[in-house]
Amino acid sequence: MANPGTPRPVPHFFSEEGPFSQKKYRLANGNTPRDSQPPRPPAKSVPPVSRVFINSKLAFQRPQSVSFRGPDSLISSPHYDAGSKELFFDQCFGIVDKLGEGSFGEVFKVRSKEDGKLYAVKRSRERFRGEYDRKRKIGEAYRLEKLRRHPNCVQFFKAWEERQHLYIQTELCQCSLEQYLEQQHDIPEETVWNFLVDLLSGLKHLHDHRLIHLDIKPDNIFVSNDGVCKIGDFGLVVEMEKEEVSDAQEGDPKYIAPELLEGHFGPHADVFSLGVTILEAACDLELPRNGVGWQQLRQGMIPAAFTAGLSHDLRNIIQLMMHPDYVQRPSVADILAMPEVRKVLWRRRRQQAVRFVQGAMLSMYSFMTTLFHTMYLTILLPVKAIKGQPEERQRERCRHPTDWDYSYSEDDAFESEGHSKDSAESGVANLSLSTDEELERPRQFIICPSEVRFTPDVRPATPILHHSSPMPRSSSPLHGNHTQAHLSPNLSLVTSHPYTPTSHSDSSGSSFLEEGAVLIRSGIGPKNLMNIFDDAACSDDDD
Ligand SMILES: Nc1ncnc2c1ncn2[C@@H]1O[C@H](COP(=O)(O)OP(=O)(O)OP(=O)(O)O)[C@@H](O)[C@H]1O
-16 MANPGTPRPV PHFFSEEGPF SQKKYRLANG NTPRDSQPPR PPAKSVPPVS
34 RVFINSKLAF QRPQSVSFRG PDSLISSPHY DAGSKELFFD QCFGIVDKLG
84 EGSFGEVFKV RSKEDGKLYA VKRSRERFRG EYDRKRKIGE AYRLEKLRRH
134 PNCVQFFKAW EERQHLYIQT ELCQCSLEQY LEQQHDIPEE TVWNFLVDLL
184 SGLKHLHDHR LIHLDIKPDN IFVSNDGVCK IGDFGLVVEM EKEEVSDAQE
234 GDPKYIAPEL LEGHFGPHAD VFSLGVTILE AACDLELPRN GVGWQQLRQG
284 MIPAAFTAGL SHDLRNIIQL MMHPDYVQRP SVADILAMPE VRKVLWRRRR
334 QQAVRFVQGA MLSMYSFMTT LFHTMYLTIL LPVKAIKGQP EERQRERCRH
384 PTDWDYSYSE DDAFESEGHS KDSAESGVAN LSLSTDEELE RPRQFIICPS
434 EVRFTPDVRP ATPILHHSSP MPRSSSPLHG NHTQAHLSPN LSLVTSHPYT
484 PTSHSDSSGS SFLEEGAVLI RSGIGPKNLM NIFDDAACSD DDD
């Protein structure tokens, strides 16, 4: 009989979750968001002589483009000055931000000075450690360049080497899937399906080109601004059925396919790694780097507690992709042919087509707007300016009356038009402009009375006469003996005035103010104006 004082042993059950956990709980416990900074290359205790005494010829070589197409050639750009000591990178790009860094190097968000667009430029962290190291590094650029453009692969633009560093310019994405998954912990299943079909399409493109990625993981997948997943980082890519497969390196242990440890390299390894990536995204799973959990995942034991919330179709596909036996594992083309995947693929393509059309329309609209704006600035505006120039200039001058010369000139335009000097003497004022240009056009005169010093018997008024053609003496509104103006169509009111224009009757009693006609206030007729100048001339003489 059991001792009643001894407590009964508490039964221990194996947790259904096993050694797995979710990322959000790790974050909730205050742990760092990322535990897997890629390992740095092993440091040697003594650096080689070649790295201490850098070959000056190599260190200051001009930038060379890196391309699989042929021998490396000098890279050029309208913004590059070969005489400058500045790097090609610094001369041709403006750094906007640093996006991150990995074992290879640093990645910058940059703006190209050539086209003004944003790109990502990856710069190798360390100098080439010799020819082998250089070849290995530029291999990534070659493979990126070889790959034809695909919406689910990060687009390559160019690569170059300078002072023993490699630079790779690619399209800019919003973030890596790793960063996305660190932020989002309950991704809707629809989004997971979208990511799955995007990545299957990208992988198919790679496999169709006889390339194996070998490092599929969220860190090497990028999410574009419009939410499309793209495969990037081609550092470990190998060509199928080539000798280099034997040199292939395995990728991150968290995503590695089990057969790679036995040396079976092939496209099926990418399918496994993609299966693990989708499992992580769908269940917010903290993937084990080693140990029991790692073994279980490679034996086809996917923790049911995590996948319970997923649809049967998604669970089934993940299970198939993570099949432990690579021979039985479906290829990318097989998975894309499954009806449930095709359905999502079709929907995704339709979404992308709509986005493409919207983008094209937006580009077209902005192009047309820019075109019309440019046309307006370069053609219409100058034409308008030319047409409206005289009047505009006169208005401008009235605003700046100091530019005016109100001196009375007897050598007036009338003379040049065949009128005798005495026509001016008999009362026709020629208020000439001081600029040569205006002197060349003596038929125009404008009176800005605000600048005219009136004698006490003359009340200031602001009629402005714009006279642009010689008038016969008898009809001149400024003729001394006339208060009546026989208005020519060339006479116009060219400025506004606080006084409301009122009609003035001529001697015959008829109104002489018509629309656009000369405005003359009572008390300051042409005669008075002439008197002003006469008075002024007399007072000058007296002085
Ligand atoms: N095209 C891009 N658009 C936006 N961000 C990018 C891009 N390329 C890289 N990054 C950012 O820079 C970081 C480092 O990039 P990447 O992983 O390619 O460098 P790496 O040195 O090749 O790393 P790895 O150790 O995986 O080889 C990424 O995590 C990502 O945040």
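The sequence shown begins at -16 in the numbering used here and counts up by one.
By construction, the Cβ of each residue, glycine as well, lies at the ideal position given by its N, Cα and C atoms.
Considering Cα atoms alone, identify which of the options is closest to residue i.
{"i": "residue 106", "options": "214, 128, 146", "result": "146"}
{"i": "residue 47", "options": "135, 92, 99, 151", "result": "151"}
{"i": "residue 81", "options": "71, 92, 140", "result": "92"}
{"i": "residue 134", "options": "368, 339, 298, 149", "result": "339"}
{"i": "residue 299", "options": "113, 283, 310, 334", "result": "283"}
{"i": "residue 310", "options": "239, 255, 45", "result": "255"}
{"i": "residue 94", "options": "119, 153, 240", "result": "153"}
{"i": "residue 271", "options": "51, 294, 238", "result": "238"}
{"i": "residue 174", "options": "210, 155, 205, 161", "result": "210"}
{"i": "residue 139", "options": "357, 351, 358, 49", "result": "49"}
Kindly indicate which three-state DSSP category residue i falls into: helix, strand or coil?
{"i": "residue 265", "result": "helix"}
{"i": "residue 359", "result": "helix"}
{"i": "residue 178", "result": "helix"}
{"i": "residue 70", "result": "coil"}
{"i": "residue 285", "result": "coil"}
{"i": "residue 199", "result": "coil"}
{"i": "residue 354", "result": "helix"}
{"i": "residue 63", "result": "coil"}
{"i": "residue 111", "result": "coil"}
{"i": "residue 3", "result": "coil"}
{"i": "residue 120", "result": "helix"}
{"i": "residue 150", "result": "strand"}
{"i": "residue 158", "result": "strand"}
{"i": "residue 256", "result": "helix"}
{"i": "residue 476", "result": "Only weak support exists for where residue 476 lies, its pLDDT of 41 falling under 50; the value from the coordinates is given anyway. Note: residue 476 maps to strand in three-state DSSP."}
{"i": "residue 364", "result": "helix"}
{"i": "residue 457", "result": "The predicted model places residue 457 with a pLDDT of 40, which falls under 50 and marks its position as unreliable; any figure quoted below should be read in that light. Residue state, collapsed to three classes: helix."}
{"i": "residue 88", "result": "strand"}
{"i": "residue 438", "result": "For residue 438, the predicted structure reports a pLDDT of 40, less than 50, and the residue's modelled location is therefore unreliable. A value from the coordinates is still provided. Here residue 438 sits in coil by DSSP."}
Report buried or exposed for residue i, applying the criterion of at least 16 other Cβ atoms within 10 angstroms of its Cβ.
{"i": "residue 276", "result": "buried"}
{"i": "residue 73", "result": "exposed"}
{"i": "residue 7", "result": "exposed"}
{"i": "residue 103", "result": "buried"}
{"i": "residue 500", "result": "Unreliable placement is indicated for residue 500, whose pLDDT of 40 sits below 50; the coordinate value is still reported in the next sentence. Buried, by the Cβ-count rule."}
{"i": "residue 292", "result": "exposed"}
{"i": "residue 3", "result": "buried"}
{"i": "residue 142", "result": "buried"}
{"i": "residue 198", "result": "buried"}
{"i": "residue 465", "result": "With a pLDDT of only 41 at residue 465, under 50, the local geometry of the prediction cannot be trusted, and the value read off the model is given with reservation. Burial call: buried."}
{"i": "residue 203", "result": "buried"}
{"i": "residue 171", "result": "exposed"}
{"i": "residue 66", "result": "exposed"}
{"i": "residue 390", "result": "Confidence at residue 390 is low in this model, with a pLDDT of 42, below 50, so the placement of that residue should be treated as unreliable; the coordinate-derived value is given next. By the neighbour-count rule (16 or more Cβ atoms within 10 Å), residue 390 is not buried but exposed."}
{"i": "residue 236", "result": "exposed"}
{"i": "residue 181", "result": "buried"}
{"i": "residue 115", "result": "exposed"}
{"i": "residue 304", "result": "buried"}
Is the beta carbon of residue i within less than 7 Å of some heavy atom of ligand 1?
{"i": "residue 299", "result": "no"}
{"i": "residue 158", "result": "yes"}
{"i": "residue 68", "result": "no"}
{"i": "residue 153", "result": "yes"}
{"i": "residue 95", "result": "no"}
{"i": "residue 137", "result": "yes"}
{"i": "residue 124", "result": "no"}
{"i": "residue 211", "result": "no"}
{"i": "residue 162", "result": "yes"}
{"i": "residue 203", "result": "yes"}
{"i": "residue 216", "result": "yes"}
{"i": "residue 109", "result": "no"}
{"i": "residue 233", "result": "no"}
{"i": "residue 71", "result": "no"}
{"i": "residue 142", "result": "no"}
Give a single yes or no on whether residue i has its beta carbon closer than 7 Å to a heavy atom of ligand 3.
{"i": "residue 6", "result": "Ligands present in the displayed structure are limited to ligand 1, and ligand 3 is not among them."}
For this session: Specify whether the segment 191 to 201 and the segment 125 to 133 touch according to this definition: at least 3 beta carbon pairs, one from each stretch, less than 8 Å apart.
Result: yes
Exercise. So does the segment 107 to 125 actually touch the segment 75 to 87, counting three or more Cβ pairs closer than 8 Å?
Worked result: yes
Problem set entry | the segment 173 to 186 / the segment 249 to 263 touching (three or more Cβ pairs under 8 Å) | yes
Problem set entry | Three CB pairs or more closer than 8 Å across the segment 322 to 341 and the segment 260 to 271 | no
Problem set entry | the segment 89 to 102 contacting the segment 118 to 128, beta-carbon criterion three pairs below 8 Å | no
Exercise. Do the segment 211 to 220 and the segment 356 to 365 touch if we need at least three Cβ pairs shorter than 8 Å?
Worked result: no
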